[in-house]
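As given, the protein sequences belong to chains R and X, one line each in that order. Numbering of the first sequence is given in my numbering, commencing with residue 228 and proceeding in unit increments. Numbering of the second sequence is given in my numbering, commencing with residue 152 and proceeding in unit increments. For each residue, glycine too, the CB sits at the ideal point set by N, CA and C. Computed from a predicted model, the values in this text were never measured in an experiment. One structure below.
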Amino acid sequence: MRLTKTKTVWVILLLWFGIVAAQAHHVLGRPSYSLGEDSNTPPSLQVETQIGDFYVTYMAFPAFPKPNEQGRVNLYASRIDNGLPFDGKVTFKVRDDSWFANEVETLGVQDIDEVVYRQGFIFKDEGDYIITAEFESGGEPYTIDFPLRIGEPLAVGPIGITVAILVFVLLAVNILQRKRRFGLKAKRAREENNS
Amino acid sequence: MTMTHPGLPELWLWFALVVMALAVLWVLVRSPGKSATQGFVNVERIPLLGQLAKLFSASPWPLLILKFISVALFLTVIAAGLFGTPIPERNLATTLTWTVWWAGLIITVFFLGSAWCAVCPWDTIASWLVKHRLWRRADASSSLGLKVPKAWRNVWPALAMFVGLTWLELGVGVTTNPYATALLSLVMIVMATIYMAVFEGKAFCKHVCPVGRTVGFYAQLSMVELRPRQQQTCTDCTTMECYHGTEEIEPCPTHLVMGTLTQSTYCTSCSACTMSCPHDNVGWRLRSPAVEAIQHARPHWDEAWFMLGLLGLTTFHGITMMGFWEQGLSRFGQMIGDSGQLIWSFSVGMVLVFFAPVLLYSLLIKLTQWLMPIEVDFKQLFSKLAFISLPLAFVYHIAHNLNHLIRESRGFTDVLLNPLGRDALPLSSNELHMRHMNPLISEQLLYGLQAGLMIFGFWLALQILQKRSMETLSGQMSWRSHYLLPGIVFIISVTGFNLWLLVQPMIMRM
């Protein structure tokens, strides 16, 4: 069955909206760093995001936690239409943000405390983690992922990949050129022998 | 906390509008001249500048020293991005790349043409890795030296890269992410190296690099150019070292022949021609910034799209820094069920803004085609008149970037002294406020420059429209001013909208 151009466009649009709809209510926030108005407040890592019917602000103290250091996550969720805070239970979970780790641990389930949901944490090991806040509203589940780095970042990965690609490309070109030269020499030798 | 820069005061807006109205009247009423100003001055005749130009033409070392500095800074940017603080305003990767370099680069094009390409760090690193030479001509076997496939010999890849870069910059937020900025830098090195290892010359610079092509197209409006000192010497030349190179010096990496060079778009200012010419006949000269876009540059379909793309994307930069954009994005996100960074909503907005000027331009070209007394091919007219979008994009790009550079680059010396931002804290509200209140130059001067630039771009666009429209008729018919009306509507619409954007308060980036 062949689709006309117009139908193809409609199919693509429907698929696109389908993907967007399926993605809704699950976000990975982009962190920014801010210093509180009160200069005694330590810098915090903050994510402001929009998810479904809510604006969510997510803050982590301190912004750069170290292993075995007490930290805290604050979550504010207010409805986009009327600004009223979400009043229910929020479950905080954590998982290691590395490629082969998928073990999830529940940090706690929190009730609202003066428009804020607070969750404490202590990490023993350095690494990249994803903290997840989950709640339900209007029968729909909401999941917000929030990246958190404990300790100093590891940067060997990108440099290693870059060096590996460069070495591979340069070696491949070198080998191909050697083959080319060898082929040319052989061709010349054959021509000389024939003449 | 979001802070905004104040927009252009209304007084400046009205001043610009009055001057523009007079300019339109002038163009409609006066009879057009034959050609643009051809005058130029050899840079070497200017004291100090001349000596500097000679220094760079005579020996490869001054340029090589600049390349070393550029590569050192670039590697520091990568190190700072990967190992430094994630606070964008305290990390060299984000401040140098986005606030100083990317904002300042466009301004330098006006004064120095494509000089950036001569010291570009990713091209330099790729050259050193592939050719194993600091500057001398490399062994032909260092690269596969393949010809770029015919389908890729255009600027469509560069346009796609520029769209991608804008999406990463404004949609994903690379500008406020030092780590992602470093990754982007590494990707540029890898791409430049692969291209150099596989294809002949500098195919990456010519067809793919979004920075190189942006600089190249804007260089058409630069006040300097690299050209033969005596045209006759080039006409009589049979050896063409500028094109073929010498034993020591590389040939022109973008296959330009100095004797027939009429546009600077693909010149990378690498100095190979100045050093290889046995007659010492190639040098820098000052010129009217309008002359190339008005009459010398040749129209091409892909290049026309790149210029219109530049226009759409520079305007898009401005739009994304307005309060109404964020509100609109949020509402649209809710409508289609988009969440988080609203990437889908952003992408739809970006596509709309990208195609809006192209659509308007196409309609007006169709109208011009209808008004013209002779039959003109749509594609030909589209390509020929697309040059009017170049000054419109260029001046708005500079006016917008001036805001970033002048209002946001305070504190850069602190970042230079602590490039990785070790133990640095995020900017407090007080520091942010102080930066906001203390721009590098006085606010009135900034406003004057912005208004002046918009008028200048408007005037250049009118000149280009008039000369190129006349050229289309090529003396077959008598000239009528109303042939220009659709083009004037386009120029007024774009400039009017960009001026309106400048009047709005702009959200501070970091």
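- In this structure, M374/X is the residue among L510/X, K357/X, A172/X and M374/X with its C-alpha nearest to the C-alpha of E443/X.
- Within 10 angstroms of the beta-carbon of K412/R lie fewer than 16 other beta-carbons, which makes it exposed.
- Membership of Q337/R in the beta strand (DSSP E) is indicated by the continuous run V331 to D338.
- By the neighbour-count definition (other C-beta atoms within 10 Å, threshold 16), S629/X is an exposed residue.
- Judged by DSSP secondary structure, E363/R falls within the beta strand (DSSP E) whose first and last residues are G354 to S364.
- DSSP, read as helix, strand or coil, puts M659/X in coil.
- Within chain X, no residue has its CB atom less than 8 angstroms from the CB of G354/R, the nearest being about 15 angstroms off.
- Between E392/X and S422/X, the C-beta gap is not smaller than 8 angstroms, which leaves the two residues out of contact.
- In summary, L159/X is buried, with 16 or more beta-carbon neighbours lying within 10 Å of its beta-carbon over all protein chains present.
- Judged by DSSP in its simplified three-state form, G500/X adopts helix.
- When secondary structure is reduced to three states using DSSP, K316/R falls in the strand class.
- Contact between G638/X and T519/X is confirmed by a C-beta separation of about 6 angstroms, below the 8 angstroms threshold.
- Taking N193/X as the centre and dropping the five residues before and after it, the same chain places the C-beta of R380, G434 and R436 closer than 7 angstroms to its C-beta, in chain order.
- By the C-beta density criterion, Q531/X is exposed, having fewer than 16 other C-beta atoms within 10 angstroms.
- For the pair of segments examined, the segment 303 to 321 of chain X was found to touch the segment 453 to 469 of chain X: the number of CB pairs separated by less than 8 angstroms reaches three.
- In the structure shown, V342/R falls within a coil segment according to DSSP collapsed to helix, strand and coil.
- With respect to the C-alpha of L541/X, the residue from M585/X, M486/X and M605/X having the closest C-alpha is M605/X.
- At a cut-off of 8 angstroms between beta carbons, V341/X contacts chain R.
- Taking C-beta atoms as the reference points, L393/R and V251/X fail to come closer than 8 angstroms.
- Excluding residues up to 5 positions away in sequence, G410 lie with their Cβ nearer than 8 angstroms to the Cβ of T386/X in the same chain.
- For P368/R, none of the residues of chain X pass the 9 angstroms Cβ criterion, the least Cβ distance being about 12 angstroms.
- Counting along the chain, no alpha helix (DSSP H) covers F538/X, and no H or E run does either.
- Counting along the chain, S305/R sits inside the beta strand (DSSP E) bounded by residues G298 to R306.
- Exclusion of the five residues before and after W452/X leaves K530 and S534 as the residues of its chain whose Cβ lies within less than 7 angstroms of its Cβ.
- A contact is defined here as three or more CB-CB pairs under 8 angstroms, and the segment 595 to 605 of chain X fails this definition with respect to the segment 261 to 281 of chain X.
- Taking CB atoms only, G484/X has a neighbour in chain R less than 8 angstroms away.
- In this structure the segment 464 to 478 of chain X does not touch the segment 344 to 352 of chain R; the number of beta carbon pairs closer than 8 angstroms is below three.
- About 5 angstroms separates the Cβ atoms of Y356/R and L375/R, confirming a contact at the 8 angstroms cut-off.
- Neighbours of I345/X in chain R, taken as residues at a C-beta separation under 9 angstroms, are given in chain order as I392, L393 and V396.
- DSSP, read as helix, strand or coil, puts Y282/R in strand.
- The three-state secondary structure of V433/X, taken from DSSP, is strand.
- Straight-line measurement puts the Cα of I388/R at about 11 angstroms from the Cα of L334/X.
- Beta-bridge analysis with DSSP links Y417/X to no other residue.
- One alpha carbon belongs to I276/X, the other to K282/X, and they sit about 10 angstroms apart.
- Rounded to the nearest whole angstrom, the CA to CA distance from G460/X to F409/R is 47 angstroms.
- Between A254/X and H587/X a beta carbon distance of about 16 angstroms is seen, past the 8 angstroms cut, so the two are scored as non-contacting.
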